[in-house]
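Below you'll find the structure, written out as C-alpha cells, and then a few comments.
Printed below as a string of C-alpha cells:
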C-alpha cells in the first residue's frame with residue numbers, strides 16, 4: 006500500500022472545479038448576450054464582452070481556489086491532519102460552487118428590477134429578499150423552476166464527482182505538495198490580479214466599461230466577483 010501519493014491527485018480536483026465554474030459562467034454570459042444580442046451587436050462589443058468576461062471569471066475562480074490551494078496540500082502532507090484537509094477541501098469546494106450558482110441564480114431578479122448585477126451594498130439594501138425573490142419567481146415560474154433544478158443538479162453532480170471516499174486516501178508527498186502550494190498560489194494570485202504588468206492596476210469593476218449600455222457592461226462581469234470585490238474593497242483596495 007502506498008504511504009504517500011503525489012499532489013497531482015489534488016491538482017485534478019482544483020482543475021476540475023476551475024473548468025466546471027468557467028464553463029457555467031461562460032454559458033450564463035452567452036445566454037445574457039443572446040438575450041441582448043441586438044444591443045451587443047450594435048455596440049460592436051461581442052468579442053470584448055467574452056474576453057473581458059473571461060478575465061472576471063478567472064479572477065473569481067482564482068480567488069475561490071486560493072485558500073484551498075494553500076491549505077489543502079499543507080495539511081494533506083501531514084498524517085495527523087490529512088482527514089482535516091480532506092473535510093476542509095470538500096466543504097470549501099462545494100461552498101465555492103454553491104456561491105457561484107446561487108449568486109448567478111439570483112442575478113436575473115436584480116437585472117430585471119434594477120438593470121445591474123447586485124453587489125454587497127445592493128444585497129444589504131434589499132428589503133425582505135425572500136419575499137421579493139418569491140414574487141419575482143411567481144412572475145417567471147417556469148424559468149425559475151428550470152433554473153432551480155439546474156442549480157441543484159449541477160451542485161449534486163459535482164459533489165458526486167469529488168469522489169469523497171477516494172479523495173486523499175493517503176498522505177500527500179511533501180515535495181509535490183510544496184510545489185503545488187507555491188505554483189498554485191502564484192497562478193491564483195495572477196488570475197485575481199488579471200494583469201501581468203505590475204505597474205498597471207489590478208482588475209476591478211471599472212474594467213467592465215466596454216460599451217455605452219450599462220446592461221452590456223454588467224453582463225461582462227459575473228455576480229460572484231462583483232459581490233466579493235465590493236466586500237473586500239474597503240479593506241484591501243486603496
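Numbering (the working numbering), first residue to last: 6 to 243.
Beta carbons are placed, not taken as given, at the ideal position from N, Cα and C, and that holds for glycine.
A quick note: this is a predicted structure, and the numbers were derived from the prediction, not measured.
(message) Output needed for residue 199: all residues of its chain with C-beta closer than 6 Å, excluding positions within five of it in sequence on either side, in chain order.
(response) So the qualifying residues of the chain are 60, 64 and 208.
(request) Look at the alpha carbon of residue 66 and the alpha carbon of residue 100, and state the distance between them as a whole number of angstroms. (result) Roughly 13 Å separates the two Cα atoms.
(message) Taking the beta carbon of residue 224 as the centre, do at least 16 other beta carbons fall within 10 Å, making it buried, or is it exposed?
(response) By the beta-carbon neighbour count (other beta carbons within 10 angstroms, threshold 16), residue 224 is buried.
(message) For residue 170 and residue 104, what's the separation of their Cα atoms in angstroms?
(response) C-alpha separation (whole angstroms): 24 Å.
(request) Assign residue 205 to one of two classes, buried (16 or more other C-beta atoms within 10 Å of its C-beta) or exposed (fewer than that). (result) Exposed, because fewer than 16 other Cβ atoms sit within 10 Å of the Cβ of residue 205.
(request) Using the DSSP secondary-structure output, state which residues sit across from residue 16 in a beta bridge. (result) For residue 16, which the question treats as bridged, DSSP gives no partner whatsoever.
(message) With DSSP as the reference, identify every bridge partner of residue 9, one or two as the case may be.
(response) BP columns for residue 9 point to 176.
(request) Kindly indicate which residue of 215, 55 and 102 has the alpha-carbon position closest to the one of residue 158. (result) Taking only the C-alpha atoms, the option nearest residue 158 is 102.
(request) Go ahead and pull the three-state DSSP assignment for residue 123. (result) Reduced to three states, the DSSP call for residue 123 is coil.
(message) Which same chain residues end up closer than 7 Å to residue 163 when comparing Cβ atoms and leaving out the 5 residues on each side of it in sequence?
(response) Contacts found: 25 and 102.
(message) Contact defined as beta carbons within less than 8 Å: I believe residue 228 pairs with residue 123. What is the distance between those atoms, to the nearest angstrom?
(response) That belief holds up - the Cβ atoms of residue 228 and residue 123 are roughly 6 Å apart, short of 8 Å.
(message) Would you call the segment 70 to 88 in contact with the segment 172 to 181, where contact means no fewer than 3 C-beta pairs closer than 8 Å?
(response) Verdict: yes, contact present.
(request) Determine the closest residue to residue 109 out of 33, 186 and 237, with distance taken between C-alpha atoms. (result) Among 33, 186 and 237, the Cα nearest to that of residue 109 belongs to 33.
(request) Counting only the same chain and skipping the five closest in sequence on each side, list residues whose C-beta sits under 7 Å from that of residue 235. (result) Closer than 7 Å at Cβ, skipping near neighbours: 124, 125 and 126.
(message) According to DSSP, is residue 225 part of a helix, a strand, or is it coil?
(response) Residue state, collapsed to three classes: helix.
(message) Given this structure, state the Cα-to-Cα distance separating residue 86 from residue 47, to the nearest angstrom.
(response) Between residue 86 and residue 47, the C-alpha separation is close to 56 Å.
(message) By the three-class DSSP mapping on this structure, what secondary structure does residue 32 have?
(response) Correct three-state label for residue 32: helix.
(request) With DSSP as the reference, label residue 49 as helix, strand or coil. (result) Look at residue 49 here: in three-state DSSP terms it is coil, with no helix or strand label.
(message) Could you check whether residue 220 and residue 96 sit closer than 9 Å to each other, using their CB atoms as the reference points?
(response) Contact flag unset, no.
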